[in-house]
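Numbering of the sequence shown is given in UniProt numbering, commencing with residue 1 and proceeding in unit increments.
Think of the CB as a built atom: it goes at the ideal place given N, C-alpha and C, for glycine as much as any other residue.
Bear in mind the structure is a predicted one, so any value in this text is a computation, not a measurement.
To keep things clear, I will list the structure first and then write my remarks on it.
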Amino acid sequence: MNLTEAGERFVLKAQGILAGVEEAVEELRHSPEDLSGRVRIGVTETISAYLIPMLVSSLSRHFPNLQIEMIERDRTSIEKGLLAQEFDLAFILVSNMEGRHELEYETMLRSPRRLWLHSENPLQYREGLTLGDIAQTDFILLDMDEHVSTVKRYWGARGLEPKVHFSSRSLEAVRSLVALGQGVTILSDLVYRPISLEGRRIIRRDLDDTLPTMDVGCVWKKQEPQPRVIGAVIDFIRRSISESG
Numbered sequence: 001m002n003l004t005e006a007g008e009r010f011v012l013k014a015q016g017i018l019a020g021v022e023e024a025v026e027e028l029r030h031s032p033e034d035l036s037g038r039v040r041i042g043v044t045e046t047i048s049a050y051l052i053p054m055l056v057s058s059l060s061r062h063f064p065n066l067q068i069e070m071i072e073r074d075r076t077s078i079e080k081g082l083l084a085q086e087f088d089l090a091f092i093l094v095s096n097m098e099g100r101h102e103l104e105y106e107t108m109l110r111s112p113r114r115l116w117l118h119s120e121n122p123l124q125y126r127e128g129l130t131l132g133d134i135a136q137t138d139f140i141l142l143d144m145d146e147h148v149s150t151v152k153r154y155w156g157a158r159g160l161e162p163k164v165h166f167s168s169r170s171l172e173a174v175r176s177l178v179a180l181g182q183g184v185t186i187l188s189d190l191v192y193r194p195i196s197l198e199g200r201r202i203i204r205r206d207l208d209d210t211l212p213t214m215d216v217g218c219v220w221k222k223q224e225p226q227p228r229v230i231g232a233v234i235d236f237i238r239r240s241i242s243e244s245g
């Protein structure tokens with residue numbers, strides 16, 4: 001016997017319901033109010049600017065007796081800090097990790113990269129747009145959170161490099177320059193905003209070339225058993241990101 005298409009949908013729904021019941025029972029068994037102490041979380045610059053304000057507020061409400069400390073560092077320093085137990089947990093761009101065997105991580109968000117351009121740029125209507133086409137256009141480069149090395153990697157894989165017109169560590173400066181028609185850029189959906197500080201529109205579109213996603217997740221030092229408080233915080237972050245889409 002084989003399930004029909006409707007039966008397959010029913011099974012998926014039923015599995016989701018059962019998982020939700022198990023999660024609810026587990027939450028009753030271990031109330032957030034039972035958790036106390038301090039959790040030191042390392043974050044990188046991009047994460048700090050775009051995800052941490054929401055997470056800090058949510059974590060504080062959910063774990064009222066837990067002291068949450070967010071410390072901003074570069075990824076390499078955070079990885080070393082995890083190994084030295086300066087951090088209990090980290091929330092970073094896991095797509096840039098160097099494969100340390102002493103660390104574990106979970107990817108919680110994959111943010112696709114797209115082309116950004118100003119609202120009157122004719123490239124937004126062009127079919128079959130590739131990095132080769134973009135190489136002929138002025139490019140605004142974001143120099144932040146290892147982004148330059150990522151750009152060099154995926155452009156270099158095609159034997160190309162962008163024609164950099166301006167480079168900045170300020171994402172708002174990059175956004176404004178694109179909106180004012182000074183060039184284009186390629187950035188992830190996580191940091192996209194449709195309007196610049198000047199009130200100008202920014203359009204984004206896909207390229208035919210496959211671009212790497214910007215993967216965000218939690219990282220922690222391997223240890224058995226994992227401290228209950230760390231597991232609870234990781235689970236809460238995972239559910240918060242899932243619920244927020």
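Tell whether a beta-carbon distance below 8 Å holds between residue i and residue j.
{"i": "residue 178", "j": "residue 184", "result": "yes"}
{"i": "residue 207", "j": "residue 150", "result": "no"}
{"i": "residue 243", "j": "residue 145", "result": "no"}
{"i": "residue 35", "j": "residue 157", "result": "no"}
{"i": "residue 219", "j": "residue 94", "result": "yes"}
{"i": "residue 159", "j": "residue 87", "result": "no"}
{"i": "residue 140", "j": "residue 166", "result": "yes"}
What whole-angstrom Cβ distance do residue i and residue j have, given they're in contact under 8 Å?
{"i": "residue 107", "j": "residue 217", "result": "4 Å"}
{"i": "residue 39", "j": "residue 68", "result": "6 Å"}
{"i": "residue 59", "j": "residue 236", "result": "7 Å"}
Going by C-alpha to C-alpha distance, which of the options sits closest to residue i?
{"i": "residue 222", "options": "138, 104, 16, 239", "result": "104"}
{"i": "residue 142", "options": "209, 44, 164", "result": "164"}
{"i": "residue 70", "options": "84, 220, 52", "result": "52"}
{"i": "residue 128", "options": "64, 209, 140", "result": "209"}
{"i": "residue 241", "options": "175, 180, 54", "result": "54"}
If you draw a straight line from the C-alpha of residue i to the C-alpha of residue j, how long is it?
{"i": "residue 47", "j": "residue 4", "result": "43 Å"}
{"i": "residue 9", "j": "residue 110", "result": "25 Å"}
{"i": "residue 132", "j": "residue 214", "result": "21 Å"}
{"i": "residue 90", "j": "residue 173", "result": "28 Å"}
{"i": "residue 30", "j": "residue 169", "result": "Residue placement at residue 30 cannot be trusted, given a pLDDT of 48 that sits under 50; the coordinates are not used to answer."}
{"i": "residue 57", "j": "residue 148", "result": "31 Å"}
{"i": "residue 12", "j": "residue 6", "result": "10 Å"}
{"i": "residue 83", "j": "residue 72", "result": "16 Å"}
{"i": "residue 234", "j": "residue 171", "result": "28 Å"}
{"i": "residue 155", "j": "residue 137", "result": "14 Å"}
{"i": "residue 180", "j": "residue 126", "result": "20 Å"}
Just checking residue i against the ligand FMN - is the residue's beta carbon closer than 7 Å to any of the ligand's heavy atoms?
{"i": "residue 100", "result": "Among the ligands in the structure shown, none appear at all, so the ligand FMN cannot be discussed."}
(Q) Using 8 Å as the cut-off, can you tell me whether the stretch 186 to 205 makes contact with the stretch 105 to 125, which would need three or more C-beta pairs spanning the two stretches below that distance? (A) yes
**Q.** Touching by the beta-carbon criterion (3+ pairs, under 8 Å), the stretch 73 to 82 and the stretch 91 to 103
**A.** yes
Q.
Measuring CB atoms only, is the stretch 193 to 210 touching the stretch 78 to 88, in the sense that at least three cross pairs come out at less than 8 Å?
A. Cβ pair count under 8 Å is below three, so no.
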